[in-house]
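Asker:
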Amino acid sequence: MGSRRRFLIQSFLGAIATGFGFKYGFGSVTYSDPNYPQKSEVTSPVIISTWSHGLAANQAAWNVVSSGGSALDAVERGVNVSEADPEVSSVGYGGLPDASGNVTLDACIMGPDGNAGAVAFLKHIMHPVSVARKVMENTPHLMLAGDGALKFALDQGFKKVNLLTPEARKAFKAWKRSGARYAPMANWENHDTIGLLAIDQKGDLAGACTTSGMAFKHPGRVGDSPIIGAGLFVDNKIGGATATGEGEVVMKTLGSFLIVELMRNGMHPQEACEAAIYRLTETTHVHKNMQIGYIAVNKNGEHGAFSLRPGFQYAVFENGQNELLDTAFLMDWE
Ligand code: ASP
């Protein structure tokens, strides 16, 4: 039995996957019946997000939806928490810098009306996702990058701040001392992008994704997190998905869009996340440090998550309870 299948069988969710798995397996995807999900409509809000810092983000998002606020406000308020947290070294303030020592941020947001906004390679702004929302609402564009994004943010009233915390500066100096080898890797220590999906009391869906990207990345590098369809995708009729991990692979396979399309064709969010991970193994060289994680929720509030390797977790706030769940995975670290 191959190691891929073995690891699937070791987990409960993996066991579900084997039931469906060889339908899409390692060959081309065979769609399930093209029915929309059958469960009845959502009666209470659901929030899901990536990684353990998703718990605090979920709480902030929950506070919005539980008091009748919109999913769009919820996802922004939610990920704003991680962006401002100096302890989260992969998002916003406190994020690890690029190979030149600059903290550069990528973020996007997508609402139930199908509108979206994004910023890439943005410096000096504490809340890139809020700038992304302004791009969506106040410009005819989807994405602004670099100096233009910064100018826009300042014009919109955002304040210029120093995002490099003493801890991040220390980590950067240690990396330089270690030989400053240019080899950014999405291993479990440095890929903790927050992606958050929310369903509000009206049943509307929104999503947001924000990151400082891979630690010590090449200056100018932009990952999947601000790319609609890659790091995040929402279709208010179907569901939403968001990604963390090696952005280059997520972009090449348009993972979040793929997951939403698979849900559109009848897959449960869990199956769809698994299928998207399988899919990338068909077209991508899976190197030994590669990690990718996806989370997804459908219109009915059913959710799922799956990762290439062990270690990925996602936070779920539903029925008044916020908890961190381990995800099933495809293969072990080599
Ligand atoms: N997906 C992010 C990127 O490639 C990394 C992460 O998840 O932290 O920039």
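1422 is the number of the first residue of the sequence shown in the numbering used here; add one for each residue after it. Ideal placement from N, C-alpha and C gives every residue a C-beta, glycine not left out.
(1) Which first and last residues belong to the beta strand (DSSP E) in which leucine 1745 is found?
(2) Out of Leu1653, Gly1535, Val1500 and Ser1510, point me to the one whose CA is closest to methionine 1476's CA.
(3) Please state whether DSSP places isoleucine 1659 in a helix, a strand or coil.
(4) Let me check you understand the geometry: is the CB of serine 1646 closer than 7 Å to at least one non-hydrogen atom of the ligand ASP?
(5) Where do the ends of the alpha helix (DSSP H) carrying valine 1486 lie?
(6) Please name the residue or residues paired with valine 1718 in a DSSP beta bridge.
(7) Going by the CB atoms, is the gap between alanine 1636 and serine 1470 shorter than 8 Å?
(8) Alpha carbon to alpha carbon, how far is threonine 1586 from lysine 1594?
(9) So, helix, strand or coil for aspartate 1494, using DSSP?
(10) Going by beta carbon distance, what residues of the same chain come within less than 7 Å of alanine 1537, once the five residues before and after it are set aside?
(11) Would you mind giving the Cβ-Cβ distance between proline 1533 and asparagine 1657, rounded to the nearest angstrom? I have them listed as a contact below 8 Å.
(12) Between Phe1654, Leu1701, Lys1709 and Thr1705, which lies nearest to glutamate 1682 when the distance is taken from Cα to Cα?
(13) Rounding to the nearest angstrom, what Cα-Cα distance links serine 1510 and isoleucine 1713 in this structure?
(14) If you scan the segment 1561-1641 from start to end, which runs of the alpha helix (DSSP H) of 4 or more residues do you find wholly inside it?
(15) Here's the rule I'm using: 16 or more other beta-carbon atoms within 10 Å means buried, otherwise exposed. How should glutamine 1691 be labelled?
Answerer: Taking the structure as given:
(1) Numbered from 1 along the sequence shown, position 324 holds the residue referred to as residue 1745. Counting along the chain, the unbroken beta strand (DSSP E) around leucine 1745 starts and ends at 1742-1747.
(2) Numbered from 1 along the sequence shown, position 55 holds the residue referred to as residue 1476. According to the sequence displayed, residue 1476 carries leucine and not methionine. It is Val1500.
(3) Taking the sequence shown and counting its residues from 1, one reaches residue 1659 at position 238. The three-state reading of DSSP puts isoleucine 1659 in coil, since its state is none of H, G, I, E or B.
(4) As a first step, residue 1646 must be located in the sequence shown, where it is residue number 225. Because some heavy atom of the ligand ASP lies under 7 Å away, the Cβ of serine 1646 counts as near it: yes.
(5) Translated into positions along the sequence shown, residue 1486 becomes position 65. 1475-1487 is the span of the alpha helix (DSSP H), which, as asked, contains valine 1486.
(6) One-based indexing of the sequence shown puts residue 1718 at position 297. Per DSSP, Gly1661 and His1724.
(7) Reading the sequence shown from its first residue, position 49 is the one you call residue 1470. Reading the sequence shown from its first residue, position 215 is the one you call residue 1636. Contact flag unset, no.
(8) Along the sequence shown, one-based indexing puts residue 1586 at 165. Along the sequence shown, one-based indexing puts residue 1594 at 173. In this structure, the alpha-carbon of threonine 1586 lies about 12 Å from that of lysine 1594.
(9) Position 73 of the sequence shown, counted from the start, is the residue given in the question as residue 1494. Looking at aspartate 1494 - three-state DSSP - the assignment turns out to be helix.
(10) As a first step, residue 1537 must be located in the sequence shown, where it is residue number 116. Excluding residues within five positions, the ones whose Cβ falls inside 7 Å are Cys1529, Ile1530, Met1531, Met1557, Leu1563 and Ile1649.
(11) To locate residue 1533, count along the sequence shown from 1; it is residue 112. To locate residue 1657, count along the sequence shown from 1; it is residue 236. About 4 Å; that satisfies the 8 Å criterion.
(12) Stepping through the sequence shown from its first residue, residue 1682 is reached at position 261. The residue with the shortest Cα to Cα distance from glutamate 1682 is Phe1654.
(13) Mapped onto the sequence shown, residue 1510 falls at position 89. Mapped onto the sequence shown, residue 1713 falls at position 292. Cα-Cα distance, rounded: 18 Å.
(14) Uninterrupted alpha helix (DSSP H) stretches at least 4 residues long and entirely within the segment 1561-1641 occur at 1567-1576 and 1587-1598, given in chain order.
(15) The sequence position of residue 1691 within the sequence shown is 270, counting from 1. Buried.
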